[in-house]
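Undergrad: Note that this note's numbering numbers the sequence shown so that position 40 is 40, with each residue one more than the last.
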Amino acid sequence: MEPAPAPAVPPATPPAASAPDMGSSTNTTVGEKIDDTVVTTKVKTAFLADDTVKGMDIKVTTVAGEVQLAGEVETQAQMDRAVEIAKGVEGAARVQNGMTLKK
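(1) Tell me T62's beta-bridge partners as DSSP assigns them.
(2) In whole angstroms, give me the CA-to-CA distance for D60 and T40.
(3) Given a cut-off of 8 Å on the beta-carbon distance, is the pair V63 and M99 in contact?
(4) Taking the alpha helix (DSSP H) that M56 falls in, what are its first and last residues?
(5) Nearest-angstrom Cα distance between T37 and Q78?
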C-alpha cells in the first residue's frame with residue numbers, strides 16, 4: 001500500500017500583485033485625474049467670475065498639474081489675464097498658454 005500524498009499547502013503569503021509604475025509620466029493614477037479635473041473646474045470657475053475673460057471661449061485642460069489654455073481671445077489683455085488667473089489656482093503647477101489672438 002502506498003502512502004497518501006501530502007496535502008497541498010497554500011503559500012504562506014500570497015504573491016504580490018504588480019503595482020503600477022508611479023514614476024512614469026505616462027501613467028496617471030485615479031487620484032491625479034481627479035485632482036486635474038478639480039484644477040480645471042477651478043480655472044473655468046475663476047474665468048467666469050472675472051470681467052476681463054468672462055464669456056471667452058477658452059479651452060482648459062489639466063494634465064499632471066499642468067494647466068493648458070487654448071482658444072482665441074480678442075485682446076492681449078484677455079490672454080494675459082487668463083494666464084494670470086490660471087497661475088493663481090491652487091493645484092496648478094504650471095500654465096501652458098496655447099491661446100491666440102483673433103484676427
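Glycine included, every Cβ here is placed at the ideal spot set by N, Cα and C.
TA: The relevant details are as follows:
(1) Beta-bridge pairing links T62 to V67.
(2) First, the amino acid is wrong: residue 60 is Val here, not Asp. Each residue's alpha carbon lies about 6 Å from the other.
(3) Contact flag unset, no.
(4) DSSP places M56 in no alpha helix (DSSP H); its state is neither H nor E.
(5) One C-alpha to the other measures close to 23 Å.
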